[in-house]
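**Student:**
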Amino acid sequence: STLFPYTTLFRSLLEVQNKLTRNISRGYKQRVSMAGALVGNPEVLILDEPTVGLDPKQILEIRNSIKELGKEHTVILSSHILSEVSQICDRVVIINQGKLVAIDTPENLEEKTKNKNVLFVTVEDKEEKMLSIKDKVKDIQELTFVKDNEDGTKQYKVVSDEEVDLRKKLFDILPKEDITIFELKKAEVSLEDAFMKLIQEEKEEAVEEVNAEENKEETELVEEKETEIKDKDIEEVNQDDEENKEEEVEE
Numbered sequence: 212s213t214l215f216p217y218t219t220l221f222r223s224l225l226e227v228q229n230k231l232t233r234n235i236s237r238g239y240k241q242r243v244s245m246a247g248a249l250v251g252n253p254e255v256l257i258l259d260e261p262t263v264g265l266d267p268k269q270i271l272e273i274r275n276s277i278k279e280l281g282k283e284h285t286v287i288l289s290s291h292i293l294s295e296v297s298q299i300c301d302r303v304v305i306i307n308q309g310k311l312v313a314i315d316t317p318e319n320l321e322e323k324t325k326n327k328n329v330l331f332v333t334v335e336d337k338e339e340k341m342l343s344i345k346d347k348v349k350d351i352q353e354l355t356f357v358k359d360n361e362d363g364t365k366q367y368k369v370v371s372d373e374e375v376d377l378r379k380k381l382f383d384i385l386p387k388e389d390i391t392i393f394e395l396k397k398a399e400v401s402l403e404d405a406f407m408k409l410i411q412e413e414k415e416e417a418v419e420e421v422n423a424e425e426n427k428e429e430t431e432l433v434e435e436k437e438t439e440i441k442d443k444d445i446e447e448v449n450q451d452d453e454e455n456k457e458e459e460v461e462e
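Going by our numbering, the sequence shown opens with residue 212, and the numbers climb by one from there.
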């Protein structure tokens, strides 16, 4: 019973205590592994993709268990499921090809990588005027059609600078154009968005470094070649001077 002071979830292992590990489900195997890791009451618990291959119910149970464990232990979670990381972890470390890209809270990472204000607006637009709204609202950087809905409405994506909130302007101008608003909501920036942007920036920096190095090598080669030509020209001039002196002596 000393295995179960951390979470009520582990008590479910009593249901399979008389079964061989190979004969239980993957969800139970994950819990057995976690219980085994806790036998020594470690300060740090490292979990690698703990919810891979589990059904939704098992995933929820494992996530809740990890949260409980985090109250008594330092839990290091390795996962490619960023929505899971965002829900469970207090701090996130993003590593790309062995290089540390970022470390912060999920909320701060999402906020730092947000550089646009994106709205999704669902409208009834019988006269097809929606796309022309961009010309009437100067702060709109991008206005694109997203999809047709079953009820006859259409969804559009409206993009502006991060500092610009277009909601009030849209509520004001769309009714004047006989466009009825059914829904208007801000797009949420996810940890996946932050991850993709940070990785892309990392790639761009790497490309710039490679290009800079190639340009440096090319410049060095050009300078080396120019030096060789200059030295050769000087040598030829000196040789001509020597020949002229010899001719003068002979005369």
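Where is the CB? At the ideal position from N, CA and C, for every residue including glycine.
All values reported here derive from a predicted model rather than from experimental measurement.
Would DSSP call Gln-269 helix, strand or coil?
**Tutor:** DSSP places Gln-269 in helix when its eight states are reduced to three.
**Student:** Is it the case that the Cβ atoms of Ile-344 and Glu-388 are separated by a distance below 8 Å?
**Tutor:** A contact, by the Cβ cut-off of 8 Å.
**Student:** Enumerate in chain order the residues of its own chain whose CB-to-CB distance from Gly-238 is below 6 Å, with the five nearest sequence positions on each side excluded.
**Tutor:** Counting only Cβ-Cβ distances below 6 Å, and skipping sequence neighbours, we find Leu-265 and Gln-269.
**Student:** Could you tell me the alpha carbon to alpha carbon distance between Ile-440 and Glu-420, rounded to whole angstroms?
**Tutor:** Going from the Cα of Ile-440 to the Cα of Glu-420 covers about 30 Å.
**Student:** Suppose contacts are defined by Cβ-Cβ distances below 8 Å. Is Leu-402 in contact with Glu-321 by that definition?
**Tutor:** A contact, by the Cβ cut-off of 8 Å.
**Student:** Any idea what DSSP makes of Val-433, helix, strand or coil?
**Tutor:** If DSSP states are grouped into helix, strand and coil, Val-433 belongs with the helices.
**Student:** When you compare only the Cα positions, how much space is there between Thr-262 and Arg-274?
**Tutor:** Roughly 8 Å between the two C-alpha positions.
**Student:** In the DSSP assignment, find the unbroken alpha helix (DSSP H) run with Asp-486 in it and report its ends.
**Tutor:** Outside the modelled stretch of the chain, which goes from 212 to 462, sits residue 486, for which no answer is possible.
**Student:** Determine the closest residue to Asn-328 out of Ile-390, Leu-293 and Ser-371, with distance taken between C-alpha atoms.
**Tutor:** Ranking the options by Cα distance to Asn-328, first place goes to Ser-371.
**Student:** Count the other CB atoms, across all protein chains shown, that sit within 10 Å of the CB of Arg-242; report buried if there are 16 or more and exposed otherwise.
**Tutor:** Counting Cβ neighbours within 10 Å, Arg-242 comes out buried, since at least 16 surround it.
**Student:** With 16 other CB atoms within 10 Å as the buried threshold, where does Val-255 fall?
**Tutor:** With fewer than 16 Cβ atoms within 10 Å of its Cβ, Val-255 is classed as exposed.
**Student:** Thinking C-beta only, is Thr-333 closer than 8 Å to Glu-394?
**Tutor:** The answer is yes: Cβ separation under 8 Å.
**Student:** To the nearest angstrom, how far is it from the Cα of Tyr-367 to the Cα of Val-304?
**Tutor:** If you take the alpha carbons of Tyr-367 and Val-304, they lie about 34 Å apart.
**Student:** State the start and end residues of the unbroken beta strand (DSSP E) segment that holds Ser-401.
**Tutor:** Where Ser-401 is concerned, there is no enclosing beta strand (DSSP E), given that its DSSP letter is neither H nor E.
**Student:** Give me the DSSP bridge partner(s) of Asn-307.
**Tutor:** Answer is Lys-310.
**Student:** Per DSSP, Ser-294 is paired with what?
**Tutor:** According to DSSP, which records beta bridges pairwise, Ser-294 is partnered with nothing at all.
**Student:** With three or more C-beta pairs closer than 8 Å as the rule, is the stretch 305-318 touching the stretch 405-413?
**Tutor:** The stretch 405-413, when compared against the stretch 305-318, does touch it at the 8 Å Cβ threshold.
**Student:** Could you give the distance in angstroms between the alpha-carbon of Thr-364 and the alpha-carbon of Val-375?
**Tutor:** Whole-angstrom Cα-Cα distance: 26 Å.
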